[in-house]
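First the structure, in the form of structure tokens, and then the observations on it.
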Amino acid sequence: GSHCDDSFVSSVKIPTIKFTKLFINGEFVDSISGKTFETIDPRTGDVIARIAEGDKEDVDLAVKAARDAFDHGPWPRFPGSERARIMMKFADLIDQNVEELAALDTVDAGKLFSMGKAVDIPNVASTLRYYAGAADKIHGEVLKMSREFHAYTLREPIGVVGHIIPWNYPSTLLFLKISPALAAGCTMVVKPAEQTPLSALYYAHLAKLAGIPDGVLNVVTGFGPTAGAAISSHMDVDAISFTGSSEVGRKVMHAAAESNLKVVSLELGGKSPLIIFDDADIDVAAQLALVGILFNKGEICVASSRVYVQEGIYDEVVKKLVEKAKAWVVGDPFDPKVQQGPQVDKKQFEKILSYIEHGKREGATLLTGGKPLELGGKGYYIEPTIFTDFKEEMLIAKDEIFGPVMALAKFKTIDEAIERANKTKFGLAAGIVTKDLNVANTVSRSIRAGTIWINCYFAFDNDCPFGGYKMSGFGRDSGLEGLNKYLHVKSVVTPLYNTPW
Ligand code: ADP
Numbered sequence: 002g003s004h005c006d007d008s009f010v011s012s013v014k015i016p017t018i019k020f021t022k023l024f025i026n027g028e029f030v031d032s033i034s035g036k037t038f039e040t041i042d043p044r045t046g047d048v049i050a051r052i053a054e055g056d057k058e059d060v061d062l063a064v065k066a067a068r069d070a071f072d073h074g075p076w077p078r079f080p081g082s083e084r085a086r087i088m089m090k091f092a093d094l095i096d097q098n099v100e101e102l103a104a105l106d107t108v109d110a111g112k113l114f115s116m117g118k119a120v121d122i123p124n125v126a127s128t129l130r131y132y133a134g135a136a137d138k139i140h141g142e143v144l145k146m147s148r149e150f151h152a153y154t155l156r157e158p159i160g161v162v163g164h165i166i167p168w169n170y171p172s173t174l175l176f177l178k179i180s181p182a183l184a185a186g187c188t189m190v191v192k193p194a195e196q197t198p199l200s201a202l203y204y205a206h207l208a209k210l211a212g213i214p215d216g217v218l219n220v221v222t223g224f225g226p227t228a229g230a231a232i233s234s235h236m237d238v239d240a241i242s243f244t245g246s247s248e249v250g251r252k253v254m255h256a257a258a259e260s261n262l263k264v265v266s267l268e269l270g271g272k273s274p275l276i277i278f279d280d281a282d283i284d285v286a287a288q289l290a291l292v293g294i295l296f297n298k299g300e301i302c303v304a305s306s307r308v309y310v311q312e313g314i315y316d317e318v319v320k321k322l323v324e325k326a327k328a329w330v331v332g333d334p335f336d337p338k339v340q341q342g343p344q345v346d347k348k349q350f351e352k353i354l355s356y357i358e359h360g361k362r363e364g365a366t367l368l369t370g371g372k373p374l375e376l377g378g379k380g381y382y383i384e385p386t387i388f389t390d391f392k393e394e395m396l397i398a399k400d401e402i403f404g405p406v407m408a409l410a411k412f413k414t415i416d417e418a419i420e421r422a423n424k425t426k427f428g429l430a431a432g433i434v435t436k437d438l439n440v441a442n443t444v445s446r447s448i449r450a451g452t453i454w455i456n457c458y459f460a461f462d463n464d465c466p467f468g469g470y471k472m473s474g475f476g477r478d479s480g481l482e483g484l485n486k487y488l489h490v491k492s493v494v495t496p497l498y499n500t501p502w
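Here the UniProt record's numbering is used: the first residue of the sequence shown is 2, the next is one more, and so on.
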């Protein structure tokens, strides 16, 4: 049967789009060029709104506002408790507008509305509160010097930060970056992805209502090679925090190196392995593997895109996986029964389909899916797709597809599983399903990746640092590690006694 729910006719109202301009120095303004770009509803391909297209000159204005706010404004000079108070208010305002914010991300990115409302948007408020709680606990250490000196460290805000955000988690990833930067006392320029500018502008409005001073949080909507590149090569931006593809991450680092050597942190792609051992509960394992790749339509950097199943239960897991994939409901992301919405845009949709064609040509076996799904002839929907018998050398196993496409393989021994799991240029996350503590411990310590999930997947928390090994990038978001990257450490040294040193 078809798992495309085409009986549902979207009746949820698209929210009125209130904010379409750049947010600079506390005001919504047109771009200097007056240009705009379209943001598209991936359910239909229709235009939702036209958004101000920022370019280099607009970035210059935004950086100038952020620079002034940092060098002369109150934000970095407030006691941490005052920043915390305002951040808490910002979080409350988000809670009061959960439905509208969730709807903006659904219409802009094709994300599930029910998930946004229940999880994603409430979580960004909780991320703000987590870092608000840290804002008045930022301090250095007294050092034990080997000579007769008194020395201590100060932790100071790193300065003007550029945040470049991708389209798959427009709210979550925005707040993983701006919350710790705000707590640290930084000022910032945000560039949301051109596919998903709507919620960031709404958040800017709420930030102002909460009392975040003008110039602290600026949002420049626009394209990567223009607005994004202007931020990463700007001489007056002190640090850049980027989440996106490895190709663009490399460009950002280049631009940073060639301009002012600004501090860079990169959270990039992944090709995360999930290893299922013979002792696993078959139903639980199959469910984890399936959700691991289909959640957010596979548009998630930690997706379990390579699944390794031990030979003893392989056939049973495959059977379960196919059954579950066929029952998975693809359709309008506003429909509460739907589990998978459309891919974010036409470009991603076509890219995923071309990877599927590659997979077939490379000799992997297509178990299920592999085709686009059409809801009334419109929208960027793709069937849950599972390939098996893949080799790590194949393109479908090497590249991050960022879609609902799983590559599945059988393994015999723990050593083989570890070796194959590590055969990737990426190192973002990995999953292990086993009841054997020794196996779990051995594999956790052998996989070169920033997050290991044992008998779970996508278990994120504000307190849990998140980031990559290898070409998945460097630097950590989330947790106190995610705060430290917005802080400089300054050492202050003075002689203990009044003796000349
Ligand atoms: P994806 O390939 O998933 O669309 P990208 O890495 O292209 O992800 O995009 C992530 C973010 O990086 C977006 O906000 C995009 O506009 C921005 N971006 C794209 N190209 C550049 C660039 N050359 N310099 C800076 N930012 C860029």
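Virtual Cβ for every residue (Gly too), placed ideally from N, Cα, C.
How close, in whole Å, do the beta carbons of residue i and residue j come, if the pair is a contact with beta carbons under 8 Å?
{"i": "Gly271", "j": "Val303", "result": "6 Å"}
{"i": "Glu384", "j": "Leu374", "result": "6 Å"}
{"i": "Gly186", "j": "Pro77", "result": "4 Å"}
{"i": "Asp106", "j": "Ser200", "result": "5 Å"}
{"i": "Ala63", "j": "Val190", "result": "5 Å"}
{"i": "Ala182", "j": "Ala136", "result": "Rounded, the Cβ-Cβ distance is 11 Å, inconsistent with contact."}
{"i": "Leu322", "j": "His359", "result": "Incorrect: roughly 21 Å between the Cβ atoms, too far for contact."}
{"i": "Lys22", "j": "Val30", "result": "6 Å"}
{"i": "Val406", "j": "Gly293", "result": "Contact flag wrong, Cβ pair sits at about 12 Å."}
{"i": "Gly469", "j": "Gly451", "result": "5 Å"}
Is it buried or exposed, residue i, if we count other Cβ atoms within 10 angstroms and call 16 or more buried?
{"i": "residue 505", "result": "Because the chain in this structure spans residues 2 to 502, residue 505 falls outside the shown range and cannot be described."}
{"i": "Ser180", "result": "buried"}
{"i": "Ala286", "result": "buried"}
{"i": "Lys486", "result": "buried"}
{"i": "Ala50", "result": "buried"}
{"i": "Tyr498", "result": "exposed"}
{"i": "Val494", "result": "exposed"}
{"i": "Lys436", "result": "exposed"}
{"i": "Thr17", "result": "exposed"}
{"i": "Gln236", "result": "Reading off the sequence, residue 236 comes out as Met, not Gln. Label assigned to Met236: exposed."}
{"i": "Ser32", "result": "buried"}
{"i": "Ser355", "result": "exposed"}
{"i": "Met146", "result": "exposed"}
{"i": "Phe150", "result": "exposed"}
{"i": "Asn297", "result": "buried"}
{"i": "Asp59", "result": "buried"}
{"i": "Lys178", "result": "buried"}
{"i": "Val238", "result": "buried"}
Taking only three categories from DSSP, how would you classify residue i?
{"i": "Arg362", "result": "helix"}
{"i": "Gly81", "result": "helix"}
{"i": "Ala103", "result": "helix"}
{"i": "residue 1", "result": "Only positions 2 to 502 of the chain appear in the structure, and residue 1 is not among them; the question remains open."}
{"i": "Val345", "result": "coil"}
{"i": "Leu175", "result": "helix"}
{"i": "Glu375", "result": "strand"}
{"i": "Ser242", "result": "strand"}
{"i": "Leu497", "result": "coil"}
{"i": "Thr197", "result": "coil"}
{"i": "Asp47", "result": "strand"}
{"i": "Ser266", "result": "strand"}
{"i": "Lys298", "result": "helix"}
{"i": "Asn219", "result": "strand"}
{"i": "Ser8", "result": "Because Ser8 carries a pLDDT of 42, less than 50, the predicted location of this residue cannot be relied on, and no value is offered for it."}
{"i": "Lys491", "result": "strand"}
{"i": "Arg307", "result": "strand"}
{"i": "Glu248", "result": "helix"}
Any heavy atom of the ligand FMN within a distance shorter than 6 Å of the CB on residue i?
{"i": "Pro198", "result": "Looking for the ligand FMN in the displayed structure turns up nothing; the ligands present are the ligand ADP."}
Which residue from the options puts its Cα closest to that of residue i?
{"i": "Gln340", "options": "Thr227, Ala53, Met116 and Leu94", "result": "Met116"}
{"i": "Leu129", "options": "Val191, Glu101, Ala208 and Ile166", "result": "Ala208"}
{"i": "Gly74", "options": "Asn26, Lys112 and Glu417", "result": "Asn26"}
{"i": "Glu363", "options": "Ile33, Lys352, Phe388 and Asp279", "result": "Phe388"}
{"i": "residue 1", "options": "Ala67, Val191 and Leu177", "result": "Any question about residue 1 goes unanswered here, given that the chain covers just 2 to 502."}
{"i": "Phe114", "options": "Thr414, Ile15, Val434 and Ala240", "result": "Ile15"}
{"i": "Ile357", "options": "Leu183, Gly404 and Asn169", "result": "Gly404"}
{"i": "Tyr170", "options": "Asp109, Thr188 and Tyr132", "result": "Asp109"}
{"i": "Ala205", "options": "Thr40, Glu58, Glu28 and Glu394", "result": "Glu28"}
{"i": "Phe243", "options": "Leu488, Lys491, Phe475 and His489", "result": "Phe475"}
{"i": "Glu83", "options": "Lys138, Gly225, Ala281 and Tyr315", "result": "Lys138"}
{"i": "Lys19", "options": "Leu102, Lys413, Gly111 and Phe461", "result": "Leu102"}
{"i": "Val99", "options": "Arg86, Gly111 and Val120", "result": "Val120"}
{"i": "Ser324", "options": "Phe391, Gln288, Gly378 and Tyr203", "result": "Note that residue 324 is Glu in the sequence shown here, rather than Ser. Here the closest residue by C-alpha is Gln288."}
Compare the C-beta of residue i with all C-beta atoms of chain C and state if any pair is closer than 7 Å.
{"i": "His359", "result": "Of the protein chains in this structure there is only one, and it is not chain C."}
Quiz item: Are the stretch 190-198 and the stretch 328-339 touching, with three or more C-beta to C-beta distances below 8 Å?
Solution: With the cut-off at 8 Å, the stretch 190-198 and the stretch 328-339 do not touch.
Quiz prompt | the stretch 453-463 contacting the stretch 427-435, beta-carbon criterion three pairs below 8 Å | solution = The stretch 453-463, when compared against the stretch 427-435, does touch it at the 8 Å Cβ threshold.
Quiz item: Does the stretch 162-177 come close enough to the stretch 225-235 that 3 or more CB-CB pairs lie under 8 Å?
Solution: By the C-beta criterion, the stretch 225-235 is judged to be in contact with the stretch 162-177, since at least 3 inter-stretch pairs fall below 8 Å.
Quiz item: Taking one C-beta from the stretch 76-92 and one from the stretch 291-305 each time, how about it: are there three or more such pairs within less than 8 Å?
Solution: In the pairwise beta carbon analysis, the stretch 76-92 is classified as not touching the stretch 291-305: fewer than three pairs are separated by under 8 Å.
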